[in-house]
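The sequence shown stops at residue 115 when you use numbering that gives the first Met the number 0, and every number in between is there. Just so you know, even glycine gets a beta-carbon here, dropped at the ideal spot from N, CA and C. Quick caveat: nothing in here was measured; it's all calculated off a predicted structure. These notes are about the structure you will find just below.
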Amino acid sequence: MDAKDGKEELQSAQVHRIRITLTSKNVRSLEKVCADLIKGAKDKNLPVKGPVRMPTKVLSLTTRKTPCGEGSKTWDRYRLRLHKRLIDLQSPAETVKQITSISIEPEVEVEVTVAK
């Protein structure tokens, strides 16, 4: 059983490549969360790459204003801009849990991908 316990300790201390993807409609809250994550990683002396700014996705929807279809043909145009940032880290999984435990704005979606 000692060999098995030793392997578990080695796996938990392994350094992983971790990609954090942040997505939001609000740029200010997104940049604030990025800055907090990078500050937390640099406090722990981890190598950080990013934030990489991905192209903004613009979703648009055009609808008629009148529900019945009569009258002048007027249209409403709605747009949704989705901003995305990527941050790459190299650290053990426990350290990333500590870094990502910061308060994250409710508007920001966080996706964490771990690679070996």
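Taking C-beta atoms as the reference points, Leu85 and Pro50 count as a pair closer than 8 Å.
Residue pairing by DSSP places Val109 opposite Leu21 in a beta bridge. By the Cβ test, the segment 21-29 is not in contact with the segment 63-75, since fewer than three Cβ pairs between them sit closer than 8 Å. For Ser28, the enclosing alpha helix (DSSP H) has its first and last residue at Val26 to Asp42. Of the candidates Asp87, Lys41, Glu69 and Lys43, the residue whose Cα lies closest to the Cα of Thr20 is Asp87.
Apart from sequence neighbours up to five positions away, the residues of its chain that approach Thr94 with a beta-carbon distance below 8 Å are Lys43 and Leu45, ordered along the chain.
According to the DSSP assignment, Ile98 belongs to the alpha helix (DSSP H) that extends over Ala92 to Ile98. Cβ contact annotation for Thr112 (same chain, cutoff 6 Å, sequence separation greater than five): Arg18, in chain order. Counting of Cβ neighbours within 10 angstroms places Val57 among the exposed residues, the total staying below 16. About 17 Å separates the Cβ atoms of Arg16 and Gln97, ruling out a contact at the 8 Å cut-off.
The DSSP-derived three-state label of Pro50 is strand. By the criterion of a C-beta distance shorter than 6 Å, Ser59 is surrounded in its chain by Arg78, once the five residues flanking it on both sides are discounted.
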